[in-house]
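Heads up, the numbering used here is the position in the sequence shown plus 1, with the first residue counted as 1. Where is the CB? At the ideal position from N, CA and C, for every residue including glycine. Encoded as structure tokens, the structure appears first; notes follow it.
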Amino acid sequence: MQTVIRAAELRSLLAAARGAGRRIGFVPTMGNLHAGHQSLISLARERSDLVVASVFVNPTQFGPSEDFSRYPRTPEADAAALAAQGCDVMFLPAVDELYPHGAENAVRIHVPGLSETLEGAIRPGHFDGVATVCAALFNLVQPDLAVFGQKDYQQLLVIRRLVADLSFPIEVLAAPIVREPSGLAMSSRNQYLDPDQRERAAAIFATLGWMRDEAQAGRAAADIEQGALLRLESAGLRPDYAVIRRADDLAEAGAGDGPRVALVAARLGSTRLIDNQLL
Ligand code: AMP
């Protein structure tokens, strides 16, 4: 595996691969890789000839009081994990490589509607940062396909909208959520949890399962959402939301609206966790 830190070097390396007719698969990450990320690499490996993973803690998607500075950065372990998974190129840019005019002055991409609800309402500007960095990375890598985790369900929808509206010729693949044995969705932020919090965090997955069962039994969404909040609170979590929404655009779901998704965000101490389940 090659590690590349310069955008120009990445461009010429990938131009050569593209010229040779190789199909390029791309997996954007913030590093500190775990089995969830590895599953994305495997999917890209199966579906493309050359796999590129970026490792970049993107400043524009963090709010001023969020964990940008303490977000775990482990590039050496990430390189080993990517190589073991069959990744061909790790792109490890510095901030000024992706934001030549500084992160604060960067052009922003805003996906209306989708970016403003749920995570977007609680983390204003978060999805602008995600859409912006992904658009820049898509232009650099020019992949045939890009893999995103269903774990960040709203992000996946934002990316699909970005790709459709800006006509990126990229197939977006969604990879299933990889979980700990307790059901807790794997996340780089899980390492902020102490052993007691980690045990409590399993209530998120249990609550999503309960929401799915209640929805399948035909119970009204508003009642399920109320019950889910109580369940999370009684497990010692502070939920930001526990909702049932339309799976394709996260609008409030009415009867007969097609596929739905249950989404939860909850805090444990200073750690914020998100998870979801298609119904
Ligand atoms: P991150 O490094 O947290 O920005 O995540 C990079 C990619 O990995 C995103 O597409 C995430 O949705 C995906 N991802 C993170 N955790 C998981 C997980 N537990 N299962 C599947 N995909 C994941």
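Is any heavy atom of the ligand ATP found at a distance shorter than 7 Å from the C-beta of residue i?
i, result
"Asp-129", "For the structure depicted, the ligand ATP is absent and the ligand set comprises only the ligand AMP."
Report the CB separation of residue i from residue j in whole angstroms; it is logged as a contact under 8 Å.
i, j, result
"Ser-40", "Arg-24", "That pair is no contact at about 19 Å."
"Phe-206", "Asp-276", "6 Å"
"Leu-141", "Leu-11", "6 Å"
"Val-58", "Met-31", "5 Å"
"Val-112", "Phe-128", "6 Å"
"Pro-177", "Gln-151", "6 Å"
"Arg-246", "Gly-259", "Incorrect: roughly 11 Å between the Cβ atoms, too far for contact."
"Val-138", "Pro-29", "Reading off the sequence shown, one finds Leu at residue 138, where the question assumed Val. The pair is a contact, with the Cβ atoms about 6 Å apart (cut-off 8 Å)."
"Pro-73", "Gln-198", "Not really, about 17 Å apart at Cβ, beyond 8 Å."
"Ala-254", "Ala-221", "Actually they are not in contact, since the Cβ atoms of Ala-254 and Ala-221 sit about 11 Å apart, beyond 8 Å."
Mind checking whether residue i and residue j have CB atoms under 8 Å apart?
i, j, result
"Ile-123", "Ala-266", "yes"
"Gly-37", "Val-159", "no"
"Val-56", "Gly-26", "no"
"Asp-1", "Gln-3", "Here the chain has residues from 2 to 280 only, and residue 1 is not among them."
"Leu-251", "Leu-157", "no"
"Thr-208", "Leu-233", "yes"
"Arg-201", "Leu-238", "yes"
"Asp-287", "Ile-171", "The displayed coordinates of the chain run from 2 to 280. Any statement about residue 287 would go beyond what the structure contains."
"Gln-86", "Ser-43", "yes"
"Ala-236", "Met-212", "no"
"Ala-95", "Ile-6", "yes"
"Ala-8", "Glu-98", "yes"
"Ala-243", "Glu-215", "no"
"Leu-15", "Gln-143", "yes"
"Leu-269", "Leu-194", "yes"
What does DSSP give as the partner residues of residue i in its beta bridges?
i, result
"Leu-174", "Val-148"
"Glu-253", "Arg-246"
"Pro-125", "Looking at the DSSP assignment, Pro-125 forms no beta bridge with any residue, so it has no partner."
"Pro-29", "Ser-55"
"Pro-113", "In the DSSP output, where bridge partners are listed per residue, Pro-113 has none listed."
"Ala-267", "Pro-240 and Leu-274"
"Gln-3", "Val-90"
"Leu-279", "Val-262"
Establish whether the CB of residue i and some CB of chain B are separated by less than 8 Å.
i, result
"Glu-67", "In the structure shown, chain B does not exist; there is a single protein chain."
Curious, which full-length beta strand (DSSP E) runs of at least 3 residues does the region 49 to 102 contain?
51 to 56 and 90 to 92
For the 8 Å Cβ check, are there 3 or more pairs between the region 179 to 193 and the region 160 to 171?
no
Answer yes if the region 124 to 141 comes into contact with the region 42 to 62, meaning at least three C-beta pairs across the two stretches below 8 Å, and no otherwise.
yes
Can you list, in chain order, the stretches of the alpha helix (DSSP H) that have 4 or more residues and sit fully within the region 160 to 217?
196 to 217
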